[in-house]
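Take a look at the structure below.
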Amino acid sequence: MNNVFVNAEPILQTLHYHGYKAFFVGGAVRDFLIGRPIGDIDIATSATPEQVQGIFEKVIPVGIEHGTVMVRYGEESFEVTTFRTEGDYHDYRHPDQVYFVEDIQDDLARRDFTMNAIAMDIDGELIDPYNGAKAIKRNQIETVGKAEDRFEEDPLRMMRALRFVSQLGFTLSPTTYHAIQQHASLLENIAIERLSIEFEKLIQGDGAKHAWALFTQSNMEKYLPVLKEEPSLMKRCSNKNWLALGDFSEAICMFHILEPTFSIEYWVKEWKLSNKVKRKATRLLNAYTEWMQGNTIWAIYKLGFDQLPPFTRVINLLSSEEKLEVASLEKMYHHLPIYNREELAVNGKDIRSWFPNRTPGPWIESMLVTIERVVIEGELTNEKGILKERVLQWNPQEEN
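Quick note on UniProt numbering: the sequence shown kicks off at 1 and runs consecutively.
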């Protein structure tokens, strides 16, 4: 057994000791066969959730109605799910009924893609009734059984297929691709929160360029928020040499630059994203505007060090010129005279004291921004006396 599964082996051994079957399943087995880093290790067993709870000391019933519990062993947690078959999917997400079974083969039959329908025993032997290992060797994504059936059960699987294209660099089998084209409209039945998770993973993969091409060719965008409202946006995106992005906020920034009709606020609202996504996308967009106006140093300052890599990705995706290196931006950042407004030698109280006859108001904030810019752009040294002398020369007029 490969070392990555060693910490989970005691779970299988314990289940075996109590007379139950148990296997490693899902993404961990797939990634092991591909040679990718392995994340969470999932286990399938013939034991029912109640039986698993009776065997292990620390068990959390995270999805017990579907046969899943979380077993805490040592310093790690492992998801353990009872072998099961499923009824119809009338809500396009959850099966109407779940039936616990004794045979791992029955359990594998309900899974989405052949590469995810492989089980591995404690000795490393594979149970692979749908030739998922061969599909992995071909770098191909194909469904378990009829693609139409799998996508009608849960249309999100179509997005997952393209996400795997992006993450793994695989291709779609012809039948899988054709079924996506024929059933893309079913995406309208899926909660936008689920779609956004898969879409974000799609744009993050090294194979995003290929995945995006399939995304547009299969007409999936016609059934997704905002994207369906502006076909020209999809055309512009298709012409880009797609690079892996970090998250949805970077994509929204890029989409808005390519098609300003839709505000960042609108994107966030329609995709039901967080205010954090909105703030980051807005920050990137403002920096991009300054950058294109030639205000390079100011753009870097307003971004902050942590946002330089995301900004570099957006710039490189939008530009057809020589690619920008994040290291060059980081070098410029480290040469900034200050890194935030708190480091300015003057503050709002100073400005107010220098103009005692003026009523406090927005003009103080406006002047602070001006001072900030002249310091950042090297026009003035960040020294209180020097800044005061210049500020008094400006002598701002009372605003109406």
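Here a beta-carbon is modelled for each residue, glycine too, at the ideal position from N, C-alpha and C.
*Terminal residues of the continuous beta strand (DSSP E) containing G63?*
59–63
*For A147, collect the residues of the same chain with a Cβ closer than 7 Å to its Cβ; drop the 5 residues on either side in sequence, then sort them by chain order.*
T175, T176, A179
*To which residues of the same chain is S263 closer than 8 Å at the C-beta, ignoring the five residues directly before and after it?*
H256
*Within 10 angstroms of its Cβ, does E142 collect 16 or more other Cβ (buried), or is it exposed?*
buried
*I190 by DSSP, collapsed to three states: which one?*
coil
_Within 10 Å of its beta-carbon, does P356 have 16 or more other beta-carbons around it, so buried, or fewer, so exposed?_
exposed
*How big is the Cα-Cα spacing for M159 and A327?*
34 Å
*Determine which residues share a DSSP beta bridge with Y99 and list them.*
T85
*Does DSSP classify Y130 as helix, strand or coil?*
coil
*Mind checking whether V80 and V98 have CB atoms under 7 Å apart?*
no
_I need the boundaries of the beta strand (DSSP E) containing M70, first residue and last residue._
68–73
*Report buried or exposed for P155, applying the criterion of at least 16 other Cβ atoms within 10 angstroms of its Cβ.*
buried
*Which residue or residues does DSSP assign as beta-bridge partners of E76?*
Y73
*Might you give, ordered along the chain, the residues of its own chain that have their beta carbon closer than 7 Å to the beta carbon of residue 405, omitting 5 neighbours on each side?*
Residue 405 lies beyond the residue range present for the chain, which begins at 1 and ends at 400; the question has no answer from this structure.
*Quick one: using the 10 Å Cβ neighbour count with 16 as the cut-off for buried, is F23 buried or exposed?*
buried
_Residue range of the beta strand (DSSP E) that includes A22_ = 22–25
*Return the chain-ordered ranges of every alpha helix (DSSP H) run that is complete within the stretch 338–379 and spans a minimum of 4 residues.*
348–354, 362–376
*When the Cα atoms are used, what is the spatial distance from L172 to M367?*
57 Å
_Within 7 Å, strictly: CB atoms of M220 and A184_ = yes
*Mark P49 as exposed unless 16 or more other C-beta atoms lie within 10 angstroms of its C-beta, in which case mark it buried.*
buried
*Following the continuous alpha helix (DSSP H) through A287, name the residue where it begins and the one where it ends.*
275–292
_Cβ-Cβ distance between E200 and F248 below 7 Å_ = yes
_Here's the rule: buried if 16 or more other CB atoms are within 10 angstroms of the residue's CB, otherwise exposed. What is D112?_
buried
*Please classify E399: is it buried, with 16 or more other beta-carbons within 10 angstroms of its beta-carbon, or exposed?*
Low per-residue confidence applies at E399: pLDDT is 46, beneath 50, and the placement is therefore not dependable, though the value from the model is reported in the following sentence. Under this definition E399 is an exposed residue.
_Nonlocal neighbours in the same chain, by C-beta distance under 7 Å from S64, ignoring five residues either side_ = Here residue 64 turns out to be Ile, not Ser, going by the sequence shown. Only P49 meet the Cβ criterion.
*Once you ignore the five residues that flank E330 on each side, which residues in its own chain have a CB closer than 8 Å to its CB?*
F305, L308
*Beta-carbon separation of R84 and D103 under 7 Å?*
no
*What's the call for L12, buried or exposed, on a 16-neighbour Cβ count within 10 Å?*
buried
*State the beta-bridge partners of I141 as determined by DSSP.*
L172
_CA-to-CA distance, L224 to N189, given in whole angstroms_ = 11 Å
_Reduced DSSP secondary structure (H/G/I, E/B, other) of T14_ = helix
*Should the stretch 30–40 be called in touch with the stretch 64–73, which here means at least 3 C-beta pairs below 8 Å?*
no
_Within a Cβ cutoff of 6 Å, which residues of the same chain sit near W242, ignoring the five residues on either side of it in sequence?_
A208, K209, W212
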